[in-house]
Amino acid sequence: MGPAVARLVPTPRQLAWQQLHVGVFVHFGINTFFGAEWSDGSLPAGAFNPTELDADQWVAAAKLAGAKYLVLTAKHHDGFCLWPTATTDYSVAASPWRAGQGDVVAEVSQACARAGMRFGVYLSPWDRNAACYADNPAYDRFYIEQLTELCTRYGPLVEVWFDGAGSVGRTYDWNAIVAVIREHQPDAVIFNMGSPDIRWVGNEDGLAADPVEYVTEVTEVSNYGAEVTYLGEPVYLPPECDVSIRRGWFWAEDDQPKSLEHLLGIYYRSVGLGAGLLLNLPPDNRGLIPDEDVARLEEFRDELEHRFGNPVRADIEQSGPQSWTVTLPESTRFDHLILREDYSDGQRVTAHEVLVNGSRLTSGLTIAEARIHAFDSIVATELTVLVAGVGARLRSVEVYDTGGRSAPEVGYRAPTVQPDVVSG
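Read in order, the letters of the sequence shown are residues 1 to 424 in the numbering used here.
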């Protein structure tokens, strides 16, 4: 990361999003009623009938995950819309749910507002139901009308999520699409396509890797291919790590939530490396987050509270061009620390090292929004943090005594082959 790249700075909306740290994804739709990950737009709308749907329960579950925002799949690749759109009959309006008068997007946005949770929408560019999809200009108009409905009916949006799956090689009128968001939702970040503010981390495991660089010249498009988008110049695009609490993105009866250790491993390798985490919580066919998922989230909340709920905030003082003296209360015992960089005028730290009594305690590359380190328990009053990077600045240091807990490894990885497609 050279000096010119380091000068690229976050916009106010990017900086505000980065400081949210954790969001929740909610995959819900016609697929939920067929145990499907993907469907081809032919599943009958009449099958959509979540008789116990409770958006407040979804938001409560999101809060257990530590989320500050929620992104709902308003339309997945199958084209089924969770709001009563004027663009297609393939929506909740054609279902028996709420006697055809329901609006999932409205119910979720209102539940978020009640709970102080920020709200965002996912609108798949790929649409396997729309008859006009093969006609690029006609589909652009269709898609822009759907996006305009979502951007003007449901209050402030924190994020608009564009999924690259199925769109490799397809051209959309991104200038017109992005203009809708900039006009109606100027504070919303755009995910990964068009004129993005944030980018996909490049896997569906929720895992970043050191270094987490906020400036890039290329973005990855899909989990199911090696296609990339070359941006032509360095662009400030911090990564979001998306992953499901289960193996699948949509609920299936034979699926189960990830272990607590797996979720913790994801947290350390997303938030703990300075990236954002978007954890998917799929409601079941009742319209509720399953009991076993809620129980796992309660364990996750409790364990994060145990590890990080009692920080000892250190005093820091710059002691040299690229060094800081960190002063703790006398004889503080700790086994974790969190470093935070001041990157408000550009990410600068390219490497760092933490010393105690002149010996290395831990080290790494980028610091960024937050860098979590775990190590054997020590007792210390003073540390030294050394950084590399022109103009690098340290924002804060906190230490934690977790009782000797370590950073868990993740379990299985997400498949990189396309899911089976279910037809009606």
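Cβ atoms here follow ideal geometry from the backbone N, Cα and C, with glycine treated the same way.
Between serine 42 and glycine 424, which are expected to be in contact by the criterion C-beta below 8 Å, what is the C-beta distance as a whole number of angstroms? A Cβ-Cβ distance of about 4 Å is found for the pair serine 42 and glycine 424, placing them in contact under the 8 Å criterion.
Outcome for glutamine 19 when other beta-carbon atoms lying within 10 angstroms are tallied against a minimum of 16: The residue is exposed, with fewer than 16 neighbouring Cβ atoms inside 10 Å.
Assuming glycine 389 and arginine 348 form a contact by the criterion Cβ under 8 Å, report the distance between their Cβ atoms to the nearest whole angstrom. 4 Å between Cβ atoms; contact.
Alpha-carbon to alpha-carbon, leucine 365 and tryptophan 126: In this structure, the alpha-carbon of tryptophan 126 lies about 37 Å from that of leucine 365.
Helix or strand or just coil, what does DSSP make of threonine 216? In the structure shown, the three-state DSSP call for threonine 216 is strand.
For the putative contact between valine 71 and glutamate 159, defined by C-beta atoms under 8 Å, what is the C-beta separation to the nearest angstrom? The Cβ separation is near 6 Å, so the contact holds.
Alpha carbon to alpha carbon, what distance is there between isoleucine 372 and arginine 405? In this model, arginine 405 and isoleucine 372 are separated by some 13 Å (Cα to Cα).
For proline 211, I'd like the list of residues in its chain whose CB is within less than 6 Å of its CB, leaving aside the five on either flank, ordered along the chain. Here the set comprises Leu365, Thr366.
Bridge-paired residues (DSSP) for aspartate 315: Partner residues in the beta bridge of aspartate 315, as assigned by DSSP, are Thr327.
Closest residue to aspartate 40 among Ala130, Gly120, Arg413 (Cα-Cα distance): It is Ala130 whose Cα lies nearest to the Cα of aspartate 40.
What residues are listed by DSSP as bridge partners for tryptophan 126? None, per the DSSP bridge assignment.
With 8 Å as the threshold, decide whether the Cβ of glutamine 19 is near any Cβ in chain D. As a matter of chain content, chain D is missing from the structure shown, which is built from one protein chain.
So tryptophan 458 and threonine 32 are in contact, right, with Cβ under 8 Å, and what is the actual spacing, rounded? Shown here, the chain extends from 1 to 424; a query on residue 458 therefore has no answer.
Flag this pair as yes or no: are the beta carbons of leucine 278 and glutamate 253 separated by less than 8 Å? Contact: no.
Within its chain, find whatever has a CB closer than 7 Å to the CB of phenylalanine 142; leave out the 5 residues flanking it on each side and keep chain order. Excluding sequence neighbours, phenylalanine 142 sits near Thr87, Ala130, Cys132.
Take the Cβ of asparagine 175 as the centre, count every other Cβ of all protein chains shown within 10 Å, and call the residue buried at 16 or more, exposed below. The residue in question, asparagine 175, is exposed, as its Cβ has fewer than 16 Cβ neighbours within 10 Å.
Given a threshold of 16 other Cβ atoms within 10 Å of its Cβ, counted over all protein chains shown, does proline 283 qualify as buried or as exposed? Counting every other CB atom within 10 Å of its CB across the protein chains shown gives proline 283 a total of 16 or more, marking it as buried.
Taking the C-alpha atoms as reference points, what is the distance between proline 10 and alanine 392? Rounded to the nearest angstrom, the two C-alpha atoms are 15 Å apart.
Boundaries (first-last residue) of the alpha helix (DSSP H) holding glycine 265: Looking at the DSSP string, the run of the alpha helix (DSSP H) that includes glycine 265 is 260-268.
Have a look at phenylalanine 191 and aspartate 163 and give me their C-alpha separation to the nearest angstrom. When rounded, the distance between both Cα atoms is 8 Å.
Exposed unless 16 or more other CB atoms sit within 10 angstroms - verdict on valine 215: Buried: at least 16 other Cβ atoms inside 10 Å.
Enumerate in chain order the residues of its own chain whose CB-to-CB distance from glutamate 149 is below 8 Å, with the five nearest sequence positions on each side excluded. Trp83, Thr85, Ala86, Thr87.
Return the Cβ separation of arginine 13 and valine 189 in integer angstroms, given the expectation that the two are a contact with Cβ distance under 8 Å. Contact between arginine 13 and valine 189 holds: CB atoms are separated by about 6 Å, below the 8 Å threshold.
First and last residue of the uninterrupted beta strand (DSSP E) at tryptophan 249: In this chain, tryptophan 249 is not harboured by any beta strand (DSSP E), its DSSP state being neither H nor E.
Would you mind giving the Cβ-Cβ distance between proline 408 and glycine 265, rounded to the nearest angstrom? I have them listed as a contact below 8 Å. Right, the Cβ-Cβ distance comes to about 4 Å (below 8 Å), so this counts as a contact.
Output the residue ranges of the alpha helix (DSSP H) runs that lie fully inside the stretch 32-81 and measure 4 residues or longer, sorted by chain position. Runs found: 55-64.
Apart from the five residues on each side of it in sequence, which residues of its chain come closer than 6 Å, Cβ to Cβ, to alanine 94? Counting only Cβ-Cβ distances below 6 Å, and skipping sequence neighbours, we find Ala45.
Determine contact between the stretch 193-200 and the stretch 302-312, defined as no fewer than three beta-carbon pairs at a distance below 8 Å. Fewer than three Cβ pairs drawn from the stretch 193-200 and the stretch 302-312 lie within less than 8 Å of each other, which leaves the two stretches out of contact.
How about leucine 15 and serine 344: are their beta carbons less than 8 Å apart? Pairing leucine 15 with serine 344 gives a Cβ-Cβ distance under 8 Å.
Exposed or buried, arginine 269, counting other C-beta atoms within 10 Å across all chains shown (16 or more means buried)? Buried, by the Cβ-count rule.
Tell me which residue opens and which closes the beta strand (DSSP E) that histidine 352 is part of. Element bounds for histidine 352: 351-356.
Is there contact here, the stretch 368-384 with the stretch 322-341, by at least three beta-carbon pairs under 8 Å? Output reads yes: the stretch 322-341 touches the stretch 368-384.
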